[in-house]
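**Student:** Taken in sequence, the protein lines are chains A and C. For the record, in the first sequence the residue sitting at position 240 is 240 according to our numbering, with numbers rising by one throughout. Heads up, our numbering is the position in the second sequence plus 1000, with the first residue counted as 1. From the three backbone atoms N, C-alpha and C, an ideal C-beta is built for every residue, glycine too. Provided herewith is a single structure, encoded as structure tokens, for subsequent inquiry.
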Amino acid sequence: MTAMTARDGKTNQAKHPIYLDYQATTPCDPRVVDAMLPYFTEKFGNPHSRNHAYGWEAEEAVELAREQVAAIIGADAKEIIFTSGATESNNLALKGVAHFYKDKKDHIITVVTEHKCVLDTCRHLESEGFKVTYLPVKPNGLIDLAELEAAITDKTSIVSVMGANNEIGVVQPLAEIGALCRKKGVFFHSDCAQAVGKIPLDVNAMNIDLMSISGHKIYGPKGIGALFVRRRPRVRLQAMINGGGQERGMRSGTLPTPLIVGLGEACRISAEEMDSEGKRLTALRDRLLKGVSAKLPEIYVNGDLEHRVPGNLNISFAFVEGEGLMMGVKDLAVSSGSACTSASLEPSYVLRALGLDAEMAHTSLRLGIGRFTTEQEIDYAIDHIVEAVSRLRELSPLWEMHQEGIDIKSIVWADH
Amino acid sequence: MSYSEKVIDHYEHPRNVGSFKKDDGSVGTGLVGAPACGDVMKLQIKVSEDGIIEDAKFKTFGCGSAIASSSLVTEWVKGKTLDEAAAIKNTDIAHHLALPPVKIHCSVLAEDAIKAAIADYKKNRAGEDGQA
């Protein structure tokens, strides 16, 4: 685990940069790997084999994991469906509900800042004839409950609002949305890939009917996820994958026992450590923000700082282009909203949805802090970012204009 | 994505960073690109009495390839006549820096910056001659 090795700022010659991209993925916790290993080799049975001990021990492990996953969101184990990840869970929740109830209801509500796999699924459903409302967000990234209420009609089958955003980490008011959806009699689905294990979640207190969970965002393995599907009041789904009828017929296919054991253990650890880890990550995040703010003027945090998961910061460093900046902070593994490499040259749609100018969206960095981030790494990151931003501002014609008091918006720029 | 060694070299050791005074009659300034697109280049040339570019400076807001493209052209235009500088093609820049297809626009912008700087210099000279 070279990427997690603590180091001081002077001798940063390690092969790997410091990993500050925990919203992209997380390493497996060694405890998770330990729990998984026996299920690759000696305990390799098919959990659906009912007639011998190999099957029984695999089934037992799967059911324990199901309880561990259920526990972290306050659900019943019977309400957990294992999938290949949050993308599949989101597809199953939205397509499953839309298709099952299509004779009576044909309207779906979601939010413009949702993950691509929710938005793309909604686009697909639109092509099948469903109607989709994409709610805007306020400049802090949160939805307006009055707008949600106004959008719900008697044709609405499901409302899908993510728990925490993958780019800016903002946490939507899930309990309020849940209460509203329950009152209006529509299902509430939440993509909680970025929220599970980071903030307390309770599907009953929050009136959540379906919830998507990802393994690799919570120090579990890649290729495994879960969908919570409420039993009372019952949510019905049309399956996307047909076969042997596993997972109450909602998701056929032999369950990957080692991955499921890993997801369960990852949930157990996250639930146990959420409180202390949340405080530690918040302190590291505050240290990072304070450190760069103290030395750099004209920087802006994107998204609400109060309603936010502990390990996320998204900062626009005005007058410095994000991709150029990522190249400058080469000892840090981070990501940018600049997406300059994409064919469209369009910056992040999430940042644009906050009302950020394209130019500010181009200057953003996402800094993801997680379980293996140390204080020394944060201190090194502060110095490295300050140095790179300062150097690139000296190179920036926009910074020069800003220093000279020229309003960059007053200039007529050519499109290209 | 990975960058070529030449891009990294220009990014880490950019040549001729800085600015000349815009009102100097021997200076031409080209400002191309747009902040909303993620690239802005400012290229300045200082031209001698006999029409040779004797110095050049740049500042760029953009990715590593944009910074490298503009840094490179400051080296290339020095010592050239205006016509020679105007003949620099974006394909030469892209080829020299081994830019991948998604970064070709950076070299296009650098070529535009040269042409804009030359046009600005000529405009300034025409203005001065008119006053004289």
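Can you tell me the Cα-Cα spacing of THR1081 of chain C and THR1060 of chain C, whole angstroms?
**Tutor:** When rounded, the distance between both Cα atoms is 24 Å.
**Student:** Tell me whether GLU1075 of chain C counts as near the ligand HEM, meaning its Cβ is closer than 7 Å to at least one heavy atom of that ligand.
**Tutor:** The ligand HEM is not part of this structure, which contains no ligands at all.
**Student:** Can you name the residues of chain A whose CB is closer than 8 Å to the CB of ALA1119 of chain C?
**Tutor:** In chain order: nothing, as chain A lies at least about 13 Å away.
**Student:** Counting C-beta neighbours from all protein chains within 10 Å, is the total for ILE177 of chain A 16 or more, i.e. buried, or is it exposed?
**Tutor:** So ILE177 of chain A ends up on the buried side.
**Student:** Taking 8 Å as the CB-CB limit, is GLY1064 of chain C close to chain A?
**Tutor:** Cβ-Cβ to chain A under 8 Å: yes for GLY1064 of chain C.
**Student:** From the beta carbon of HIS362 of chain A, is the nearest beta carbon of chain C less than 8 Å away?
**Tutor:** It does; some Cβ of chain C falls within 8 Å.
**Student:** State the beta-bridge partners of SER190 of chain A as determined by DSSP.
**Tutor:** Note: SER190 of chain A sits in a beta bridge opposite A:MET211.
**Student:** Return no unless some Cβ of chain A is closer than 8 Å to the Cβ of GLY1028 of chain C.
**Tutor:** No, no contact with chain A.
**Student:** Give the straight-line distance between the Cα atoms of CYS267 of chain A and LYS43 of chain A, rounded to the nearest whole angstrom.
**Tutor:** Computed Cα separation, rounded: 21 Å.
**Student:** Establish whether the CB of LEU365 of chain A and some CB of chain C are separated by less than 8 Å.
**Tutor:** Not closer than 8 Å to any Cβ of chain C, the Cβ of LEU365 of chain A fails to qualify, so no.
**Student:** May I ask you to report which of helix, strand or coil DSSP gives GLU42 of chain A?
**Tutor:** Coil, per DSSP.
**Student:** Just the Cα atoms here: how many angstroms apart are ARG236 of chain A and SER1004 of chain C?
**Tutor:** When rounded, the distance between both Cα atoms is 53 Å.
**Student:** With a floor of 3 residues, list each beta strand (DSSP E) that falls wholly inside the segment 1050 to 1084 of chain C, ordered by position along the chain.
**Tutor:** Within the segment 1050 to 1084 of chain C, the complete beta strand (DSSP E) runs of at least 3 residues are 1053 to 1061.
**Student:** Applying the 10 Å Cβ sphere with the 16-neighbour rule, what's the burial state of ARG232 of chain A?
**Tutor:** By the neighbour-count rule (16 or more Cβ atoms within 10 Å), ARG232 of chain A is not buried but exposed.
**Student:** Figure out for me which residue from C:SER1048, C:GLY1127, C:ALA1068 has the closest Cα to the Cα of GLU1111 of chain C.
**Tutor:** Residue C:ALA1068 is the option with its Cα nearest to GLU1111 of chain C.
**Student:** For the segment 272 to 357 of chain A, list the beta strand (DSSP E) runs that are entirely contained and at least 3 residues long, ordered along the chain.
**Tutor:** Listed in chain order, the complete beta strand (DSSP E) runs (minimum 3 residues) inside the segment 272 to 357 of chain A are 299 to 301, 312 to 317.
**Student:** Under three-state DSSP, which class holds VAL32 of chain A?
**Tutor:** Three-state result, VAL32 of chain A: helix.
**Student:** THR1060 of chain C touches chain A at which residues, Cβ-Cβ below 8 Å?
**Tutor:** Residues of chain A passing the Cβ test: LEU395, SER396, PRO397.
**Student:** Which of helix, strand or coil does DSSP assign to THR110 of chain A?
**Tutor:** THR110 of chain A falls in the strand class under three-state DSSP.
**Student:** Per the contact definition of three or more C-beta pairs closer than 8 Å, is the segment 211 to 224 of chain A in contact with the segment 22 to 37 of chain A?
**Tutor:** Yes, the segment 22 to 37 of chain A is in contact with the segment 211 to 224 of chain A.
**Student:** Got a sec: which bits of the segment 1017 to 1042 of chain C sit with their beta carbon under 8 Å from any beta carbon on chain A, in order along the chain?
**Tutor:** Residues passing the 8 Å Cβ filter: VAL1017, SER1019, LEU1031, VAL1032, GLY1033, ALA1034, PRO1035, ALA1036, CYS1037, GLY1038, ASP1039, VAL1040, MET1041, LYS1042.
**Student:** Please confirm whether ILE1067 of chain C has its beta-carbon closer than 8 Å to some beta-carbon of chain A.
**Tutor:** Yes - at least one Cβ of chain A is within 8 Å of the one on ILE1067 of chain C.
**Student:** I want to know whether the segment 163 to 182 of chain A touches the segment 199 to 209 of chain A - three or more CB-CB distances under 8 Å.
**Tutor:** As far as the Cβ criterion goes, the segment 163 to 182 of chain A touches the segment 199 to 209 of chain A, which means the pair count is three or higher.
**Student:** Taking all protein chains shown into account, decide if HIS16 of chain A is buried (16 or more other Cβ within 10 angstroms of its Cβ) or exposed.
**Tutor:** Answer is exposed; the Cβ neighbour count stays below 16.
**Student:** Would you be able to state if there are at least three C-beta pairs under 8 Å between the segment 237 to 249 of chain A and the segment 88 to 100 of chain A?
**Tutor:** Short answer: they touch.
**Student:** Tell me which residues share the same chain as MET360 of chain A and place their Cβ nearer than 6 Å to its Cβ, disregarding the 5 neighbours each side in the sequence.
**Tutor:** The answer, listed in chain order, is SER316.
**Student:** Between A:GLU60, A:LEU145, A:PHE228, which lies nearest to VAL97 of chain A when the distance is taken from Cα to Cα?
**Tutor:** Answer by Cα proximity: A:PHE228.
**Student:** Between LEU497 of chain A and ILE369 of chain A, is the Cβ-Cβ spacing less than 8 Å?
**Tutor:** Only positions 1 to 416 of chain A appear in this structure, which leaves residue 497 of chain A out of reach.
**Student:** Should the segment 376 to 387 of chain A be regarded as contacting the segment 327 to 334 of chain A, the criterion being three or more beta carbon pairs within less than 8 Å?
**Tutor:** The segment 376 to 387 of chain A, when compared against the segment 327 to 334 of chain A, does touch it at the 8 Å Cβ threshold.
**Student:** Using the Cβ count rule (16 or more neighbours within 10 Å means buried), how would you classify TYR380 of chain A?
**Tutor:** Under this definition TYR380 of chain A is a buried residue.
**Student:** Check whether the Cβ of ALA93 of chain A lies closer than 8 Å to any Cβ atom in chain C.
**Tutor:** Not closer than 8 Å to any Cβ of chain C, the Cβ of ALA93 of chain A fails to qualify, so no.
**Student:** By DSSP's criteria, GLN1044 of chain C is part of a beta bridge. Which residues make up the other side?
**Tutor:** In DSSP, GLN1044 of chain C forms a bridge with C:THR1029, C:LYS1057.
**Student:** Can you list, in chain order, the residues of its chain whose CB lies under 7 Å from that of VAL350 of chain A, leaving out five sequence neighbours each side?
**Tutor:** Closer than 7 Å at the Cβ level, and outside the excluded window around VAL350 of chain A, lie THR113, ASN165, GLU167, ILE168.
**Student:** Which class does ARG236 of chain A belong to by DSSP, given the choice of helix, strand or coil?
**Tutor:** In this structure, ARG236 of chain A counts as coil in the three-state DSSP scheme.
**Student:** Is there at least one Cβ from chain C nearer than 8 Å to PHE319 of chain A's Cβ?
**Tutor:** So, interface residue.
**Student:** Any beta carbon from chain B within less than 8 Å of ILE385 of chain A's own beta carbon?
**Tutor:** The chain inventory of the structure shown lacks chain B, comprising the protein chains A and C.
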